[in-house]
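Heads up, the thing below is written out as structure tokens.
As structure tokens, this is what we get:
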């Protein structure tokens, strides 16, 4: 809450006036075990992904710590069992169709023999996303969702994926290849790329607080002014999951614990557990809350035209320009072979004869260094 | 003259004599030579006194005109007096210390009272015997006053006047009692007393209430008068204060009581030179704090909201200035501070852990006096004295002028809009309507206002007023009626930008009425009983827009109303001289009242928004929920011998108002919550046992107290709950139970140039989610340490008086670091890096250790001087140890780095000038 954070901030300043800050390295020897982390959502229809990893020590540089070669399965109360397959390290997938009226369990067995089982998973059907839209305001663009919960679906969790087109600092349609410079083909374009941001954060909302369980204009993400996301065209796909209260609490604690780590007047951190119990003795409960149900997704596009004018500032391209020297055609191989310079403009005289090329840095012209020039499968161009 | 038959004791000579009399060395009587030609008897005694060590005691009225006409040559005094008084009615007796008593009709009986040696002889303890002689020296208990003329009466009435040694004012309420027959009397407002005693030898004890005990040996022969001068004010001389403490440690029936007078507080080095009530009590065993800049204190493993802080009957909700750097009580008007850790007297209730009773003075009755002080951050001024014959007052003010210092400290920071200021005001007045009625008025106000940047201002305020009427029905029964109102409020003004400018406010108001009776039923039974009632009105929080442009939506949590009432009865029973019991009981009634919306949840299920079964609107005066139940206050003392005793106690309590915080430390912006139909009242009990012993002629006092406490219905907070502006706080809390136990060892030296105390406390305070709480099990429902669980705590307070005017003090403090929940691992989840925390409070911050030093220099003590002044200077945190207050983690280059924050990380020098006019 805003008041609290202001207060914390305030106190912190008072305290710094007379205080000192020293590094603190507690001996955490007591905590040596790695804890299993389980993340995922079981879809009633289609593909479900479960990701297994382990905690890593606080100071370590490791971030992933994925767990492979585990055996994961889903069962119902009646001896039916469906096995997951490992797609890549730590990522397990299951295709199937399940009944919304049954209760399921997720089983995990690690290579070291530790076994885990979820608490009963009761599928929750998410209502459709009613509105996914945006507002242009002085601070940028706010993307929001509106939906209407039901008696069974009151707690909502949204994840989203963003994709957008951006352009490099210097647009070039030329390519140097085998001693000559020629026009790029569509596949070779480096002047238009897609970047993406997959599941950057989670958004939670409890519909029960509102009349009719209606959630109106819940902000999901904000695109600040000058962002490259609206250079041309931007797309967001939102996945709406209806979860039960314990899952909601889990995600809420997760969020709060990350926002505020051990400040002076910050709330005491809360324990995170979830619904994956350990069946092996002496092995702690896994972190993670697996929910099951039917999600609802929706995608929208936002074009530059919709928000025009939208000046863009990309720090990486701040000092990009086309070099003044014209490289005559007979020198292209010495200049462009290394790949550090890329021909950006072809210069013709008044008669239409090629004088040479003006170049720019690769970092300024090649957008594939920051994204991909491969059009995402779902991508629809502006009508 | 009415008293001409009586032997008048010349008090002046008594006092001088008792202080300076030489030990007896006159086995052989001194010889006297000289011519005494028809001189008056008083003159004769003067001449003899000048030649010899003899001292004379006689009635000037009787012997004024008596002529001595004798010539002596190497005669003993006995021979001379025999000759002088031959054929007269006068008799004399000379005791072993060369004191000569001249009486009419019968010589003074120099034999001792029959109970005189009883106790001393029966004890073989050397300490005990030493103590007897010590007391003999101190109190001249072996002087015998013969009173009245012999008659055939079996019983005689002794009357007299008790006055103060220094002031000569009559002492009101002094107790005169006689042990063998258990007779007693109390002096009236003019200092007169009357007691009926059997004729013969007696030891009389005269005690000013709560103070010094005088003793007189009398031989009562008939009705007579004995005037006694006693120390009037227990804090008038530090030596006398010490003597009174000396008596209480072993003999007072309550246990777990710590008393500090302002004199001892002044000796404790204080931060920034300000004598500080709360910091002073932190040096006592069993009292701890979570950090240097926190508002509350913790008594015997209890939370900070379980302390009842009373300032002349006013409940003070926030006793601190500047986040707890200073306590909000002006040291010049504070008279004494009493902390009850166990054995809370029956007239107090409503808080589980302790009662801190701060007594402010009502002004002296001699002259207008101005006291003040100037320190680095604060200045204070107070005036007290009489207005007319029957009225005295005391008025105090204190304020900061601290901005310059804050700015000095800020120079190295990029922060320059901070402001912090506070003040406190107090006014107390006492008016004696007549001999039987006294009216007392108290007003108190403390205010804090601070901001750290231009945008946000915080303030909080205590505002209290009460009026009391004390009525003396007779010598044995008195009553005090007090009516008052206590207010506490805090607010935040956000002025970040005009569109979201807001005001946030919280306040609590309580109106109370209480009547308390003291009834000395007889020597064995002292009753105290009464009724009290408090009406609460609490505004849990309101946020509203400020200014026309603001779009902040007004939001307000429902106002809460409650009525807490109690009636109580206590009896102090002296079963024998050794065994005293204090039995007390309270019955408390609590009503949570409308108007409000009551929320009712499905029984048996965890309280959450999904289990809310119905809401019901209640109107003003409707009772939403009632709680009631008894509380017990039982303690006993058994005196083992003159110098040691054991005490035991058991008490229970209920608390209906809770501080709602989920911070480790208490912030001045934490809200309070009243018990309602979902939040049950806290309940606690304590069983305690102690051993008390005085050593080396009472120079040292030693005590060990152990205790065990159980607490129920404490509030802990659900993971990630929001507490501010929450209309459904019950959905954010988990019910917990607590357990605390420990031992406190105190060795105190009260007298001599070197005085002070050493204490060691072992204490644990543990919490556990209640068994039937289903909402959340913190640490899987196991016991875990409370935020303020600091098992080992040792304190040294030492004071050395180099001379009457120059003294140095040292204060050393060690305690185990408080528990903390640490991030122990990290993991990826929901697209971000997350931290995994240890079990709640599984780790501790480093231990705390600090030494402070101060030097006090008093001005000279000439009586006629414009102003008495004193200087106090010293260093806080002499070693500059960086004691961690908090530990926090913040990402640095992608990895979480831990930091410890020390608040007073360097030695902080201070200087204060105090004056008294």
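Chains as they are written, first to last, in the UniProt record's numbering: chain A, 1 to 383; chain B, 1 to 917. Glycine included, each C-beta is placed from N, C-alpha and C at the ideal position.
Neighbour-count burial assignment, residue 38 (chain B), 16 or more Cβ in a 10 Å radius
Position 38 of the second chain holds residue 38 (chain B). So residue 38 (chain B) ends up on the exposed side.
Tell me the rounded alpha-carbon separation between residue 509 (chain B) and residue 305 (chain B). If you number the second chain from 1, residue 509 (chain B) lands on position 509. If you number the second chain from 1, residue 305 (chain B) lands on position 305. Roughly 16 Å separates the two Cα atoms.
Open item on the list: I believe residue 770 (chain B) touches residue 730 (chain B) by the beta-carbon criterion, under 8 Å. Please report the beta-carbon distance rounded to the nearest angstrom.
Closed with: Walking along the second chain from the start, residue 770 (chain B) turns up at place 770. Walking along the second chain from the start, residue 730 (chain B) turns up at place 730. Approximately 14 Å separates the beta-carbon atoms of residue 770 (chain B) and residue 730 (chain B); this is outside 8 Å, ruling out the contact.
Checklist line | DSSP state of residue 362 (chain B) mapped onto helix, strand, coil | finding: Against the second chain, residue 362 (chain B) aligns to sequence position 362. Coil.
### Query
So, does the CB of residue 816 (chain B) fall closer than 8 Å to a CB anywhere in chain A?
The sequence position of residue 816 (chain B) within the second chain is 816, counting from 1. Not one chain A Cβ lies under 8 Å of residue 816 (chain B).
If we ignore side chains and look at the alpha-carbon of each, how far apart do residue 692 (chain B) and residue 514 (chain B) end up? The residue given as residue 692 (chain B) occupies position 692 in the second chain. The residue given as residue 514 (chain B) occupies position 514 in the second chain. Rounded to whole angstroms, residue 692 (chain B) to residue 514 (chain B) spans 34 Å at the Cα level.
* To do: Can you give me the Cβ contacts of residue 477 (chain B) inside the same chain, cut-off strictly under 6 Å, excluding the 5 residues immediately before and after it?
  => In the second chain, counting from the first residue as 1, residue 477 (chain B) sits at position 477. The residues are 519.
As a quick exercise: from B:89, B:97, B:96 and B:93, pick the residue whose alpha carbon is nearest that of residue 104 (chain B).
On the second chain, residue 104 (chain B) is found 104 positions in, with the first residue counted as 1. Nearest C-alpha to residue 104 (chain B): B:89.
Exercise. Is the CB of residue 191 (chain A) under 8 Å away from at least one CB in chain B?
Worked result: For the purposes of this step, residue 191 (chain A) is taken as residue 191 along the first chain, with counting starting at 1. No, residue 191 (chain A) lies away from the interface with chain B (no Cβ there is under 8 Å from its Cβ).
Next item on the list: Compare the C-beta of residue 790 (chain B) against all C-beta atoms of chain D and say whether one is closer than 8 Å.
Entry: Annotation note: the requested chain D is absent from the structure, which comprises protein chains A and B.
- Task: May I ask you to verify whether the stretch 339–357 of chain B touches the stretch 683–700 of chain B, counting CB pairs closer than 8 Å and requiring at least 3?
- Result: Cβ pair count under 8 Å is three or more, so yes.
Worksheet item: Residues of chain B with a CB under 7 Å from the CB of residue 139 (chain A): which are they?
Response: Stepping through the first chain from its first residue, residue 139 (chain A) is reached at position 139. Chain B residues near residue 139 (chain A): none, gap ~12 Å exceeds 7 Å.
Take residue 316 (chain B) and list the residues in its own chain whose beta-carbon comes closer than 6 Å to its own, dropping the five residues that flank it on each side. For the purposes of this step, residue 316 (chain B) is taken as the residue at position 316 of the second chain. Once the five neighbours on either side are set aside, the close Cβ partners of residue 316 (chain B) are 309 and 462.
Exercise. Does the stretch 909–916 of chain B come close enough to the stretch 371–381 of chain B to have 3 or more Cβ pairs within less than 8 Å?
Worked result: yes
Would you please state the rounded distance, in angstroms, between the beta carbons of residue 276 (chain B) and residue 326 (chain B)? I believe it to be under 8 Å. As a first step, residue 276 (chain B) must be located in the second chain, where it is residue number 276. As a first step, residue 326 (chain B) must be located in the second chain, where it is residue number 326. Contact flag correct, Cβ pair sits at about 6 Å.
Practice task
Taking residue 825 (chain B) as the query, report the chain A residues whose CB atoms sit under 8 Å from its CB, ordered along the chain.
Solution key: Here residue 825 (chain B) is taken as the residue at index 825 of the second chain, counted from 1. Per Cβ cutoff of 8 Å: 31, 34, 35, 55, 56, 57 and 58.
### Query
What residues in its chain sit with their C-beta under 6 Å from that of residue 151 (chain B), if we drop five residues either side in the sequence?
As a position in the second chain, residue 151 (chain B) is number 151, starting the count at 1. Answer for residue 151 (chain B): 222, listed in chain order.
*Applying a beta-carbon distance threshold of less than 8 Å, which residues of chain B neighbour residue 201 (chain A)?*
Position 201 of the first chain, counted from the start, is the residue given in the question as residue 201 (chain A). The answer, in chain order, is 830, 831 and 832.
Report task. Use the C-beta contact count for residue 733 (chain B): other C-beta atoms within 10 angstroms, 16 or more gives buried, fewer gives exposed. Result -> As a first step, residue 733 (chain B) must be located in the second chain, where it is residue number 733. That one is buried.
Spatial distance of residue 873 (chain B) from residue 279 (chain B) (CA atoms):
The sequence position of residue 873 (chain B) within the second chain is 873, counting from 1. The sequence position of residue 279 (chain B) within the second chain is 279, counting from 1. One C-alpha to the other measures close to 17 Å.
Answer with yes or no whether the minimum CB distance from residue 848 (chain B) to chain A is below 8 Å. Counting from 1 along the second chain, the entry for residue 848 (chain B) is found at position 848. Closer than 8 Å: no.
(message) For the pair the stretch 321–336 of chain A and the stretch 355–366 of chain A, tell me if three or more CB-CB distances fall below 8 Å.
(response) yes
ask   = Should residue 315 (chain A) go down as buried or exposed, given a rule of 16 or more other Cβ atoms within 10 Å for buried?
value = By one-based count along the first chain, residue 315 (chain A) stands at place 315. That one is exposed.
* Nearest to residue 117 (chain A) by CA position, among A:288, A:126 and A:94, is which residue? -> As a working mapping, residue 117 (chain A) is identified with position 117 in the first chain. Residue 117 (chain A) has its Cα closest to that of A:288, out of A:288, A:126 and A:94.
C-alpha gap between residue 746 (chain B) and residue 778 (chain B), whole angstroms:
Counting from one through the second chain, the residue named residue 746 (chain B) turns up at place 746. Counting from one through the second chain, the residue named residue 778 (chain B) turns up at place 778. Using only the alpha carbons, I get a separation of about 36 Å.
Checklist entry - Smallest Cα separation from residue 49 (chain B): which of B:64, B:61, B:62 and B:33? => result Taking the second chain and counting its residues from 1, the one referred to as residue 49 (chain B) is at position 49. Looking at B:64, B:61, B:62 and B:33, the one whose alpha-carbon comes closest to that of residue 49 (chain B) is B:33.
- Message: Could you compute how far the alpha carbon of residue 660 (chain B) sits from the alpha carbon of residue 299 (chain A)?
- Response: Position 660 of the second chain, counting from 1, holds the residue named residue 660 (chain B). Position 299 of the first chain, counting from 1, holds the residue named residue 299 (chain A). When rounded, the distance between both Cα atoms is 43 Å.
Span of the beta strand (DSSP E) holding residue 292 (chain A)?
Your numbering for residue 292 (chain A) matches position 292 in the first chain. Unbroken beta strand (DSSP E) run through residue 292 (chain A): 291–294.
Query raised in the report: Among residues of its own chain, excluding the 5 on either side of residue 805 (chain B), which ones have a beta-carbon nearer than 6 Å to its beta-carbon?
Result: Within the second chain, the letter at position 805 stands for residue 805 (chain B). Counting only Cβ-Cβ distances below 6 Å, and skipping sequence neighbours, we find 858.
Take residue 67 (chain B) as the anchor and find which of B:81, B:57 and B:285 has the nearest alpha-carbon.
Working through the second chain from its first residue, we reach residue 67 (chain B) at position 67. It is B:81.
Is it a yes or a no for the stretch 142–160 of chain A touching the stretch 169–177 of chain A, going by three-plus beta-carbon pairs under 8 Å? Two segments are said to touch when three or more pairs of C-beta atoms, one from each, lie closer than 8 Å; by this definition the stretch 142–160 of chain A does not touch the stretch 169–177 of chain A.
Strictly under 8 Å for the Cβ-Cβ distance: is residue 254 (chain A) near chain B by that measure?
Here residue 254 (chain A) is taken as the residue at index 254 of the first chain, counted from 1. Judged by the 8 Å Cβ criterion, residue 254 (chain A) is in contact with chain B.
Item checked: alpha helix (DSSP H) segment containing residue 804 (chain B), residue limits -> As a first step, residue 804 (chain B) is located in the second chain; it is residue number 804 there, counting from the start. Per DSSP, residue 804 (chain B) belongs to no alpha helix (DSSP H) and is neither H nor E.
8 Å contact criterion, which residue 699 (chain B) and residue 630 (chain B) should meet: CB distance rounded: On the second chain, position 699 is the one that residue 699 (chain B) refers to. On the second chain, position 630 is the one that residue 630 (chain B) refers to. With a Cβ gap of about 43 Å, residue 699 (chain B) and residue 630 (chain B) do not count as contacting.
**Q.** is_contact[residue 898 (chain B), chain A] using C-beta, thresh 8 Å
**A.** One-based indexing of the second chain puts residue 898 (chain B) at position 898. Yes - at least one Cβ of chain A is within 8 Å of the one on residue 898 (chain B).
Alpha-carbon spacing of residue 40 (chain B) relative to residue 64 (chain B), whole angstroms: Sequence index remark: in the second chain, residue 40 (chain B) carries index 40 (1-based). Sequence index remark: in the second chain, residue 64 (chain B) carries index 64 (1-based). Cα-Cα distance, rounded: 7 Å.
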